[in-house]
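> One structure coming up, written as structure tokens, with questions to follow.
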Amino acid sequence: MVLRRVRDMFVATVNEGLDKLENPRVMLNQYVRDMEDDIAKAKHAIIKQQAIQQGFLRKAEETEEFADKRKKQAELAFHAGEEELARKALTEMKYFEEKHNEYQDAYQQSVKQLKELKEQLQHLETKLRDVKDKKQALIARANAAQAKQHMNESMNKVDSESAYKEFLRMENRIEEMETKAGSYAQFADQGAYAHLDYADEVEKEWQKLKRSKQLEKQPAN
Numbered sequence: 391m392v393l394r395r396v397r398d399m400f401v402a403t404v405n406e407g408l409d410k411l412e413n414p415r416v417m418l419n420q421y422v423r424d425m426e427d428d429i430a431k432a433k434h435a436i437i438k439q440q441a442i443q444q445g446f447l448r449k450a451e452e453t454e455e456f457a458d459k460r461k462k463q464a465e466l467a468f469h470a471g472e473e474e475l476a477r478k479a480l481t482e483m484k485y486f487e488e489k490h491n492e493y494q495d496a497y498q499q500s501v502k503q504l505k506e507l508k509e510q511l512q513h514l515e516t517k518l519r520d521v522k523d524k525k526q527a528l529i530a531r532a533n534a535a536q537a538k539q540h541m542n543e544s545m546n547k548v549d550s551e552s553a554y555k556e557f558l559r560m561e562n563r564i565e566e567m568e569t570k571a572g573s574y575a576q577f578a579d580q581g582a583y584a585h586l587d588y589a590d591e592v593e594k595e596w597q598k599l600k601r602s603k604q605l606e607k608q609p610a611n
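Numbering-wise (the numbering used here), the sequence shown opens with residue 391 and increments by one.
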């Protein structure tokens, strides 16, 4: 009996744990929190990408300015007859032009990536609104389904449990006791009526007994 009780307690604890793990309200709320976390991460990524994009743009503008400056310096050196200085300025100009192209390409790529991140964020926010709109309705449906399931399980348990069977057996026993008690009362009532119905006959028999006794007392001739 003790082992059975311990087993039942263990099973009940496990089932309760599973019910909590599978609780629709808990799970749906967790889904919402997960999506909110994803949205927060996406927003952080967008802010970071915007900073990177602005950095590329700034570098592209700076290298373009440097290239223009070196070009003007090369022209001045050329007209001044400073060939070596002019060549050096032209070399740096080409370097800054190359860097400008690299930063410009990186900037354009970051613009594309930022657009994609914003689209993903918009998609997540739309999904989150949809989930929040449906969450309460889904929880209500899940709670109704669980309640019905628990009710069915309870009914099956009541039908199969020995305690309920014992209850029914006791109910039958009480009904038998009530039936017997009613039978005894009916029998007693019938006995009373029977006494009244045979009163005359009993009186006749009683008179016979009295006469017989009187005859016995008379002296013999």
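C-beta: ideal position from N, C-alpha, C; glycine also.
Note that this is a predicted model, so its numbers are computed, not measured.
Along the chain, where does the alpha helix (DSSP H) containing A432 start, and where does it finish?
For the purposes of this step, residue 432 is taken as residue 42 along the sequence shown, with counting starting at 1. Counting along the chain, the alpha helix (DSSP H) containing A432 begins and ends at 414-469.
> With a Cβ-Cβ cutoff of 8 Å, do A432 and L507 count as a contact?
Numbered from its first residue, the sequence shown carries residue 432 at position 42. Numbered from its first residue, the sequence shown carries residue 507 at position 117. Yes. Within cutoff.
> On a Cα-Cα basis, can you pick out the residue from E474, A496, E426, R477 that is closest to I442?
In the sequence shown, the residue the question calls residue 442 occupies position 52. The candidate whose alpha carbon is nearest that of I442 is A496.
> Under a three-way DSSP split, which group does E474 fall into?
If you number the sequence shown from 1, residue 474 lands on position 84. Of the three classes helix, strand and coil, the one that applies to E474 here is helix, per DSSP.
> Who are the Cβ neighbours of S500 in its own chain at under 8 Å, not counting the five residues just before and after it?
Reading the sequence shown from its first residue, position 110 is the one you call residue 500. Within the same chain, S500 has close Cβ partners Q439, I442, Q443, F446.
> Taking R448 as the reference, which of K538, Q494, M567 has the closest Cα?
For the purposes of this step, residue 448 is taken as the residue at position 58 of the sequence shown. It is Q494 whose Cα lies nearest to the Cα of R448.
> Which residues in the same chain have their Cβ closer than 8 Å to the Cβ of W596, if we skip the five residues on either side of it in sequence?
Working through the sequence shown from its first residue, we reach residue 596 at position 206. So the list is empty, once near-sequence residues are dropped.
> To the nearest angstrom, how far is the alpha carbon of M541 from that of R563?
Reading the sequence shown from its first residue, position 151 is the one you call residue 541. Reading the sequence shown from its first residue, position 173 is the one you call residue 563. When rounded, the distance between both Cα atoms is 29 Å.
> With a threshold of 16 other CB atoms inside 10 Å of the CB of M483, please say whether the residue is buried or exposed.
To locate residue 483, count along the sequence shown from 1; it is residue 93. By the 10 Å Cβ count, M483 comes out buried.
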